[in-house]
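These notes are about the structure you will find just below.
In the working numbering, the protein residues as written are 7 to 510.
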């Protein structure tokens with residue numbers, strides 16, 4: 007532009023053409039700025055919709071848990087002496103009480119050094135470490151493939167490693183763990199399983215070097231030579247019946263018992279009951295999230311919009327500080343979803359889902375009010391309030407009825423449980439918002455939502471206006487160039503005329 011400006015100066019017109027064209031272009035750009043503002047508003051609306059949809063999805067996830075019967079069947083179990091037995095309980099367990107006396111814990115099979123081993127830790131081979139003759143020892147353990155030990159090459163660590171890595175012909179572990187404690191100077195070998203069927207069994211032993219004897223594990227006997235040890239079952243008296251269990255952790259009738267000690271005289275009392283507090287917390291967490299979500303929706307629905315605050319144009323941004331721009335945009339973004347029909351419908355369906363009676367369930371527990379959950383005053387716009395005492399009483403008195411109120415399934419809307427009904431309505435609302443604003447987790451490169459298409463259309467118009475404005479600006483400069491040329495010619499003619507008149 008500067009070269010054109012210098013040419014303009016030759017005419018002596020005194021016109022600041024750059025400024026004139028700039029002012030003219032501001033008027034032309036107002037049309038494009040309006041499109042940019044509409045695009046920005048659509049993008050803000052899309053962002054608001056998607057943010058609300060994330061909240062609705064989070065609530066729907068919570069409602070899904072409220073549809074599950076297990077949420078209302080939670081049980082709790084207590085032990086009168088956790089030093090002997092600890093308990094956990096599944097929802098399938100029946101409330102009541104059991105007794106248990108533990109006379110023996112389950113144990114694994116063990117082959118340990120009976121006494122300290124004469125071990126020289128400064129040496130590097132078994133022959134030297136244990137004072138053995140050089141030679142080869144072979145054996146199997148728990149039916150494993152044959153293991154070979156060369157006392158002149160292997161050391162105590164490789165012996166332990168080969169025992170621990172022992173595998174049967176099908177590649178499964180032999181189920182034995184070995185440790186040599188160099189401080190205590192003892193070998194400890196045990197089965198990984200417990201119970202009477204568990205064993206540590208060394209068979210097919212060929213030990214000309216006296217390896218097993220040097221480790222004080224005992225003398226192999228029999229043909230073929232064998233060293234073995236077996237585990238033991240736990241022995242309990244359960245509700246008067248003597249039972250044996252292979253593990254110290256076992257489950258009977260939905261109750262899992264973990265044995266931690268024994269007593270020949272003490273009987274431990276196990277109490278099973280409905281987990282009223284746990285069920286209450288599940289319902290309360292749902293209600294809290296429901297209130298947070300409906301409050302967020304209502305905030306957007308009732309926000310006032312100041313239409314004098316539109317998205318800033320580039321020229322307007324240049325006149326404001328960064329902080330002023332942020333404040334302006336904060337106001338400009340407010341109220342964009344005021345009285346939105348989709349959000350209004352979502353809120354109505356949410357409130358209807360939980361305010362209606364459920365048909366076909368216990369008549370004393372067929373609506374939220376019957377379990378101590380009521381709607382707040384009108385200005386709270388559908389938020390729920392819990393009467394803690396009444397809700398806990400309902401859960402404790404009739405957990406089945408509370409469960410049916412939320413989880414009942416039916417093809418008839420009026421017979422659907424509250425959570426089932428709300429889940430369906432939330433799904434419908436989420437899909438409506440996706441149609442309007444698209445989904446954040448969509449893998450599609452094209453946003454075919456209503457707002458997505460609108461934003462794409464605005465982008466195309468803006469690009470078209472970029473070309474149009476470039477042509478308009480070029481036309482203005484061309485027109486003023488022609489004006490400068492005409493003025494220059496007029497000036498020259500005037501100078502010539504003055505010269506002629508002066509000559510006379």
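A virtual CB, placed ideally from N, CA and C, is assigned to each residue, including glycine.
Of all alpha-carbon atoms in 309, 38, 376, the one lying nearest the alpha-carbon of residue 338 is that of 309. Put simply, the backbone Cα of residue 429 is about 32 Å away from that of residue 261. Put simply, the backbone Cα of residue 238 is about 16 Å away from that of residue 181.
Here DSSP, grouped into helix, strand and coil, assigns residue 49 to helix. Rounded to whole angstroms, residue 76 and residue 402 show a C-alpha spacing of 15 Å. Along the stretch 317-362, the beta strand (DSSP E) does not occur as any fully enclosed run of 3 or more residues. A Cβ-Cβ contact shorter than 8 Å links residue 78 with residue 405. Membership of residue 400 in any beta strand (DSSP E) is not indicated; the residue belongs instead to the alpha helix (DSSP H) covering 394-403.
When the alpha-carbon of residue 93 is set against those of 30, 49, 254, 349, the nearest one is in 254. According to the DSSP assignment, residue 435 belongs to the alpha helix (DSSP H) that extends over 424-443. For residue 250, the uninterrupted beta strand (DSSP E) run begins and ends at 247-251, by DSSP. In this structure, the alpha-carbon of residue 240 lies about 21 Å from that of residue 183. DSSP, read as helix, strand or coil, puts residue 315 in coil. The Cβ atoms of residue 343 and residue 349 lie closer than 8 Å to each other. Annotation: the continuous alpha helix (DSSP H) that includes residue 292 extends over 282-308. Residue 191 carries a coil assignment under DSSP once its states are collapsed to helix, strand and coil. Going by DSSP, residue 97 is part of no alpha helix (DSSP H) at all; its letter is neither H nor E.
In the displayed model, residue 146 falls within a strand according to three-state DSSP.
Here DSSP, grouped into helix, strand and coil, assigns residue 104 to strand. Ranked by how close their Cα comes to the Cα of residue 41, the residues 206, 317, 31 have 317 in first place.
By the Cβ criterion, the stretch 158-172 is not in contact with the stretch 229-237, since fewer than three pairs of Cβ atoms, one from each stretch, lie closer than 8 Å.
In this structure, DSSP gives residue 159 a state outside helix and strand, which the three-state scheme calls coil. By the Cβ rule, the stretch 386-395 does not count as touching the stretch 57-65, because fewer than three pairs are nearer than 8 Å.
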